[in-house]
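0 is the number of the first residue of the sequence shown in numbering that gives the first Met the number 0; add one for each residue after it. Glycine included, each C-beta is placed from N, C-alpha and C at the ideal position. For clarity, every value in this text was computed on a predicted model and none was experimentally measured. Notes for the one structure printed next.
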Amino acid sequence: MIVHLYGQCAFTDKIAAICSKYNLKLIEDNAQAHGCKYNGRKTGTLGDAAGHSFYPGKNLGAFGDAGAVTTNNQELADLIRSLANYGSAQKYVFQYQGLNSRLDEIQAAVLNVKLKYLDEDTQIRKKIARLYIENIINPDMVLPSVQNWDAHVFHIFPIRCVKRDELQRYLLQHGVQTLIHYPIPPHQQMCYSSLNALSYPVTERIHAEELSLPMSPVLEIDEVKKVIELINCF
Numbered sequence: 000m001i002v003h004l005y006g007q008c009a010f011t012d013k014i015a016a017i018c019s020k021y022n023l024k025l026i027e028d029n030a031q032a033h034g035c036k037y038n039g040r041k042t043g044t045l046g047d048a049a050g051h052s053f054y055p056g057k058n059l060g061a062f063g064d065a066g067a068v069t070t071n072n073q074e075l076a077d078l079i080r081s082l083a084n085y086g087s088a089q090k091y092v093f094q095y096q097g098l099n100s101r102l103d104e105i106q107a108a109v110l111n112v113k114l115k116y117l118d119e120d121t122q123i124r125k126k127i128a129r130l131y132i133e134n135i136i137n138p139d140m141v142l143p144s145v146q147n148w149d150a151h152v153f154h155i156f157p158i159r160c161v162k163r164d165e166l167q168r169y170l171l172q173h174g175v176q177t178l179i180h181y182p183i184p185p186h187q188q189m190c191y192s193s194l195n196a197l198s199y200p201v202t203e204r205i206h207a208e209e210l211s212l213p214m215s216p217v218l219e220i221d222e223v224k225k226v227i228e229l230i231n232c233f
């Protein structure tokens, strides 16, 4: 499984070659990368199947919890439909132990309307990202490295700062809300208690330094410039 984290495409030709060589199925986590492209192809179409989140905060968000799986494999599509419908493909006949994971009509209707604006919203996100990257000059900040602008849709704009907590408090004092994605590394989570004793210093350092700056297609340019000015003065 590859994860298009923060809106950046994780797919590479090397990954495709490995999957082909060893006859592996490739699953995409496309929850944060709607509209992202790799060599002209959209993420969510690069592997055998892809999971999509339409949580309201995503680049393509519904009014409530929503999600979908995309695939061009008919057999897999039929299986997923059954699993999402209590394990049933035929009413009152249950072939699998499934769940109620169906997308309701209201969420589908909202998404159908918002889909028309996805490309426009993506361009606004990229414009904001360029402003951050080109104008944040504080040497204490580590900014995202973007090699291919088609392969990033900036669901989140993460930076790194050794004084992350101090920076977050400073920005909040000046009316700028930020978030941390994500505060606890996977190997330190309670649900993975068997891994808690392991040490991954690079992972732990990234989690201790990451801060997500405001990123939304409804942000005003003056608001973005305020964030930039505050960070440069920090």
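Opening and closing residue of the beta strand (DSSP E) in which residue i lies
i: Ala-49; result: 48-52
i: Glu-301; result: With the chain represented from 0 up to 233, any question about residue 301 goes unanswered, as that position is not in the structure.
i: Pro-157; result: 156-159
i: Asp-28; result: 26-28
i: Leu-59; result: Unbroken run through Leu-59: none, as it is neither H nor E.
i: Leu-210; result: 209-212
Residue i, DSSP secondary structure in three states
i: Tyr-37; result: strand
i: Ser-87; result: strand
i: Asn-99; result: strand
i: Gly-6; result: helix
i: Val-68; result: strand
i: Val-92; result: strand
i: Val-201; result: helix
i: His-180; result: coil
i: Val-145; result: coil
Contact under 8 Å by Cβ, residue i with residue j
i: Leu-4; j: Phe-53; result: no
i: Ile-136; j: Asn-231; result: yes
i: Leu-130; j: Val-217; result: no
i: Tyr-85; j: Leu-98; result: yes
i: Met-214; j: Arg-124; result: yes
i: Ile-158; j: Val-145; result: no
i: Ile-26; j: Gly-46; result: yes
i: Leu-229; j: Leu-170; result: yes
Rounded straight-line distance, which links the Cα of residue j to that of residue i
i: Ser-211; j: Pro-143; result: 11 Å
i: Gln-73; j: Leu-102; result: 19 Å
i: Ala-237; j: Asn-29; result: The first residue shown for the chain is 0 and the last is 233, placing residue 237 beyond what the model contains.
i: Gln-31; j: Val-112; result: 19 Å
i: Glu-165; j: Glu-133; result: 23 Å
Terminal residues of the alpha helix (DSSP H) in which residue i lies
i: Tyr-131; result: 117-134
i: Ile-17; result: 12-20
i: Val-109; result: 104-113
i: Ala-76; result: 73-82
i: Tyr-169; result: 163-172
Assigned exposure category for residue i - 16 Cβ within 10 Å defines buried
i: Thr-11; result: exposed
i: Cys-35; result: buried
i: Asn-71; result: exposed
i: Lys-57; result: buried
i: Glu-209; result: buried
i: Tyr-95; result: exposed
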